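Q: If you count by this note's numbering, then the sequence shown holds residues 4 to 234, one letter each, in order.
Mind having a look at this structure? Questions to follow.
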Amino acid sequence: MYMLATEEQTAQLVGFFRTHGVLASHRKNEYIIEPGATPPGVFYVVDGLVKAYDVTRYGEENLLIIRKSHEIFPLIWALTGQERHIIYRSLKPTTSLRVDREVFMNFLRHSPDTLAPLLDITIEMYRLHSERIINLEYRTVRERVISFLLTTSERFGTVHPNGVKIGVQLRHQDIASSVNSSRETTTRELAYLERKGLIGKDGPYFIIRNSEQLEAHLSRPLLTKPISNSA
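Here you go:
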């Protein structure tokens, strides 16, 4: 993917967090931003995975995005100050650097070059959310599940002997909430794809056995480009 930021600009932004940030280690499933809480600052993920979600009126989690190493959250709040009451929780042992929002904003005002890597992150967010809108508006449940798996593999996939391994432990409920379906229907669709030999499992991780064949089941092409099995 084409990036606007140079290595020097990205290094400057990361250096700011390393110089001014408070280092914290988070256990698996630990809240980083608790339900209903004002974010305590702006976070840079040094290592690990962070799940961003909200809770429906029925008490179910609605997965929004998973943040990975070298990403910043909550970015909309950091830049606008508008709270969205999004919950952030670590999916695995995670290390982060946190800075106060005002310190972060003051740094941006005096370091305009660091806006380029932030724009890259924002564009990536827009791309992912655009794919999700297309997914929800124009695709069947099966296509939504396929699109979710392919899009997630584009962010977290690694080459595996049997295809592409999605390096995030995904519950069926996580997938169901992201594609606006019931857990039962999502489970049936995943079982169908597995019977067809398009996906598999490696312990708790999904394996995409053939990205091209799986994407061929979509009526509209993806905005993202999943990892090829031959990568």
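Note that CB positions come from ideal geometry on N, CA and C, so glycine has one too.
Small disclaimer: the values here were computed from a predicted structure and weren't measured.
1) Report the option in S156, T41, E187, L94 whose CA atom is closest to the CA atom of P77.
2) Would you kindly report the start and end of the unbroken beta strand (DSSP E) that includes E64?
3) Measure the C-alpha to C-alpha separation of L237 and G203 and round it to an integer number of angstroms.
4) To which residues of the same chain is I79 closer than 8 Å at the C-beta, ignoring the five residues directly before and after it?
5) So S114 and I35 are supposed to be a Cβ contact under 8 Å. How far apart are they, rounded?
6) Tell me the rounded alpha-carbon separation between P207 and R112.
7) Got a sec, what are the start and stop residues for the alpha helix (DSSP H) Y61 sits in?
8) When you compare the segment 215-222 with the segment 175-188, are there three or more beta-carbon pairs, one atom per stretch, that lie closer than 8 Å?
9) Considering only their Cβ atoms, is the gap separating H23 from V48 smaller than 8 Å?
10) Could you tell me how far apart the beta carbons of I69 and V53 are, in whole angstroms, since I believe they sit closer than 8 Å?
11) Are the C-beta atoms of F46 and some chain C residue less than 8 Å apart?
12) Taking Cβ positions, are L66 and S181 nearer each other than 8 Å?
A: Working from what's here:
1) T41
2) 64-70
3) In the structure as shown, the chain begins at 4 and stops at 234. Residue 237 is therefore absent and cannot be evaluated.
4) Q85, R87
5) Actually they do not touch by this definition, with Cβ atoms about 25 Å apart.
6) 44 Å
7) Y61 -> no alpha helix (DSSP H), and no H or E assigned at all.
8) no
9) no
10) 7 Å
11) No chain C is present in this structure, which holds just one protein chain.
12) yes
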